[in-house]
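In the working numbering, the protein residues as written are 13 to 113.
Read through the structure below, which is laid out as structure tokens, and then see the notes.
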């Protein structure tokens with residue numbers, strides 16, 4: 013498998029960010045906006061949205077910090093697994109059944 017190009021990696025990162033942003037927006041909107049009769053948000057809706065978005069951003073930061081801490085050990089484990097798989101002898105190839113006469 014080829015390494016992704018930097019452009020491909022950037023597009024994946026952008027896509028992932030937009031997915032998280034869209035989910036957060038939808039979730040907070042559903043939780044906080046109760047009245048669509050007015051163009052502007054009420055103070056209560058604004059406060060709810062600030063709290064909702066802030067909580068999701070903080071939790072996302074905590075998850076990313078945990079991911080960054082765990083990633084090196086996961087990579088090392090994967091490398092060790094590949095090396096172990098590469099050094100073990102390959103299973104013998106199956107022989108075809110004898111031809112019947």
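C-beta atoms are modelled at their ideal positions from N, C-alpha and C, and glycine is treated no differently.
Note that this is a predicted model, so its numbers are computed, not measured.
Give every residue of the same chain whose Cβ lies closer than 8 Å to the Cβ of residue 32, excluding the five residues on either side of it in the sequence, and list them in chain order. Hits under 8 Å: 72.
In chain order, what residues of the same chain have a beta carbon less than 7 Å from the beta carbon of residue 65, not counting five sequence neighbours either side? The beta carbon of residue 65 is closer than 7 Å to those of 36 and 40 in its chain, skipping five residues each way along the sequence.
Fully enclosed by the segment 17-77, which alpha helix (DSSP H) runs are 4 residues long or longer? The qualifying runs are 18-44.
Give me the Cα-Cα distance between residue 114 and residue 30, rounded to the nearest whole angstrom. Absent from the structure is residue 114, since the part of the chain shown begins at 13 and ends at 113.
Using 8 Å for Cβ pairs, my map puts residue 45 next to residue 57. What's the rounded Cβ distance? Yes, they are in contact, since the Cβ atoms of residue 45 and residue 57 sit about 5 Å apart, within 8 Å.
For residue 25 and residue 18, I'd like the C-alpha separation in whole angstroms. Their backbone Cα atoms lie some 10 Å apart in a straight line.
Near residue 61, which residues of its chain fall below 6 Å by C-beta distance, leaving aside the five closest residues on each side in sequence? Taken in chain order, the residues that qualify are 40 and 44.
Rounding to the nearest angstrom, what Cα-Cα distance links residue 27 and residue 21 in this structure? Taking the straight line joining both Cα atoms gives about 10 Å.
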